[in-house]
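To start, the structure itself, in structure tokens.
Given below as structure tokens:
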């Protein structure tokens, strides 16, 4: 098993055990909420590469149709500091992973979603993600003096 596969599989059990606790306080849902005037939903593309000489993807996932909270999407739970996700800074905790290399994750169990990542042995890993932003966050800027 290669390093990137080990990163996902090592944390799969940890995620599964912590899933119930995390979802108790979860603020995420699968579909964008309609009617909210204070939020927007953006779909973004994030690219990684798997293979020899590459760092692991560097994140764990939570959710799936078998979630204790009912059917929900697959979300980024944790960004690990030594992986590609942390290096690029493009993937954020709480992002919903909509598709991996064109394969939709909607309706998959947690283990099926992990299997999608494990099937990719090397090459491009293209994630289509959904991200919710409050409107005031989109245009705001923090200036430190």
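In the working numbering, the protein residues as written are -10 to 134. Where a beta carbon is used, it is the ideal one built from N, C-alpha and C, also for glycine. On a predicted model such as this, the values are computed, not experimentally measured, just so you know.
Contact check between the stretch 44 to 54 and the stretch 75 to 86: three or more CB pairs, one atom from each, fall below 8 angstroms, which counts as touching.
Of 105, 75, 98, 72, the smallest CA-CA separation from residue 62 is found for 98.
Burial of residue 37 is indicated by the presence of at least 16 other C-beta atoms within 10 angstroms of its C-beta. Runs of the beta strand (DSSP E) lying entirely within the stretch 38 to 77, each at least 3 residues long, are 48 to 53, 61 to 68 in chain order. A residue is called buried once 16 or more other Cβ atoms fall within 10 Å of its Cβ, and residue 56 is buried on that count.
A Cβ-Cβ separation of about 15 angstroms leaves residue 91 out of contact with residue 39 under the 8 angstroms criterion. For residue 118, the enclosing beta strand (DSSP E) covers residues 112 to 123. Residue pairing by DSSP puts residue 29 in a beta bridge opposite 122.
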